[in-house]
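The sequence shown begins at 1 in this note's numbering and counts up by one.
Where is the CB? At the ideal position from N, CA and C, for every residue including glycine.
Treat the numbers as computed from the prediction; the structure is a model and nothing was measured.
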Amino acid sequence: MKETIDLLGNILTNILTAFYEPFGFSLLLSFLVMFFYLYAYKAQDAGKGWKNAIVTWYKEFKKSIYFRKLFLLAFVASMILFRTLLNRNLWMNPLSNVMGGWGIWKMVNGEQKLTTECIENVIMMIPFTSIVMWTFREKVCKNWKKILWQSGMISFVFSIVIEMLQLLLRLGTFQLSDIFYNTVGGVVGGFIYYAVMKTRRMFSR
């Protein structure tokens with residue numbers, strides 16, 4: 001019982017810490033990313049000085065659901081990037097632990113210690129794929145099998161990109177377990193999206 005409570009406490013603490021630390025940075029980065037979006041698609045309004053750009057940003061955020069979805073997606077993605085890349089120390093050998101940790105226990109100096117890394121990797125990707133599917137739902141299939149396949153592929157590719165960047169930039173270690181658990185989290189996120197959309201359709205009839 002005590003081990004279960006410790007496990008849940010560690011997961012909750014790590015999740016809250018992971019959310020709290022990059023919150024301000026991710027909010028600012030998402031704000032700037034959406035400026036690039038406006039300059040790409042609303043250049044006639046946003047490209048007339050910084051004051052007009054801010055006004056255009058505010059108006060677009062207020063009237064466009066799609067703009068707000070993209071902002072939320074950029075925020076979640078930047079939170080993940082902060083956790084996996086932007087706030088990591090340099091490693092001398094990023095291939096030192098390719099297999100990574102597959103369980104909730106690891107050996108440290110001959111002692112067995114609790115780790116929640118695998119669970120956090122699953123949880124981290126759930127909101128990302130859910131929001132991706134929600135943002136681009138017009139292009140998403142209605143079939144639940146295809147939704148799970150698409151969400152799994154999205155999280156798999158995103159995880160591969162992160163791991164390759166970690167390898168090339170030596171920010172953290174390349175681990176196959178991270179790819180696996182991130183993909184699992186992506187599939188769970190796709191399932192949650194499907195369940196929510198199906199529930200909404202049932203109540204809207």
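Next on the checklist: Going by DSSP in three states, LEU95 sits in which element: helix, strand or coil?
Outcome noted: As a first step, residue 95 must be located in the sequence shown, where it is residue number 95. Here DSSP, grouped into helix, strand and coil, assigns LEU95 to coil.
Item to check | Beta bridge counterpart(s) of LEU90 as assigned by DSSP | outcome: As a working note, residue 90 is residue 90 in the sequence shown. Within the DSSP secondary-structure output, LEU90 pairs in a beta bridge with LEU171.
Item to check | Counted within 10 angstroms of its Cβ, other Cβ atoms place GLN175 as buried (16 or more) or exposed | outcome: Residue numbering aside, residue 175 sits at position 175 when the sequence shown is read from its first letter. When all chains shown are included, GLN175 counts as buried.
Checklist entry - Would you call ILE147 buried or exposed, if buried means 16 or more other Cβ atoms sit within 10 Å of its Cβ? => result On the sequence shown, residue 147 is found 147 positions in, with the first residue counted as 1. Result: buried.
Checklist entry - Could you give the C-beta distance for MET125 and GLY189, rounded to a whole number, given that I count them as a contact under 8 Å? => result Here residue 125 corresponds to residue number 125 of the sequence shown, with the count starting at 1. Here residue 189 corresponds to residue number 189 of the sequence shown, with the count starting at 1. Contact holds; Cβ gap of about 6 Å.
Checklist entry - Under a Cβ-count criterion, where at least 16 other Cβ atoms within 10 Å of its own Cβ denotes burial, should MET133 be classed as buried or exposed? => result The sequence position of residue 133 within the sequence shown is 133, counting from 1. With 16 or more Cβ atoms within 10 Å of its Cβ, MET133 is classed as buried.
Checklist entry - For PRO22, which three-state DSSP category applies? => result Counting from 1 along the sequence shown, the entry for residue 22 is found at position 22. Judged by DSSP in its simplified three-state form, PRO22 adopts coil rather than helix or strand.
Checklist entry - Do MET34 and PHE71 have their C-beta atoms within less than 7 Å of each other? => result One-based indexing of the sequence shown puts residue 34 at position 34. One-based indexing of the sequence shown puts residue 71 at position 71. One thing to note: MET34 has its Cβ within 7 Å of the Cβ of PHE71.
Item to check | GLU117 - containing alpha helix (DSSP H), residue span | outcome: Along the sequence shown, read from residue 1 onward, the residue named residue 117 stands at position 117. Looking at the DSSP string, the run of the alpha helix (DSSP H) that includes GLU117 is 117–135.
Item to check | Extent of the continuous alpha helix (DSSP H) run through THR183 | outcome: As a first step, residue 183 is located in the sequence shown; it is residue number 183 there, counting from the start. 176–204 is the span of the alpha helix (DSSP H), which, as asked, contains THR183.
Checklist entry - Which whole-angstrom value is the C-beta distance of ASP178 and ASN121, which I expect to be below 8 Å? => result Numbered from its first residue, the sequence shown carries residue 178 at position 178. Numbered from its first residue, the sequence shown carries residue 121 at position 121. Between ASP178 and ASN121 the beta-carbon gap is near 6 Å, inside 8 Å, which marks them as a contact.
Item to check | Simplified DSSP assignment, three categories, for LYS42 | outcome: Here residue 42 refers to the residue found at position 42 of the sequence shown. DSSP places LYS42 in coil when its eight states are reduced to three.
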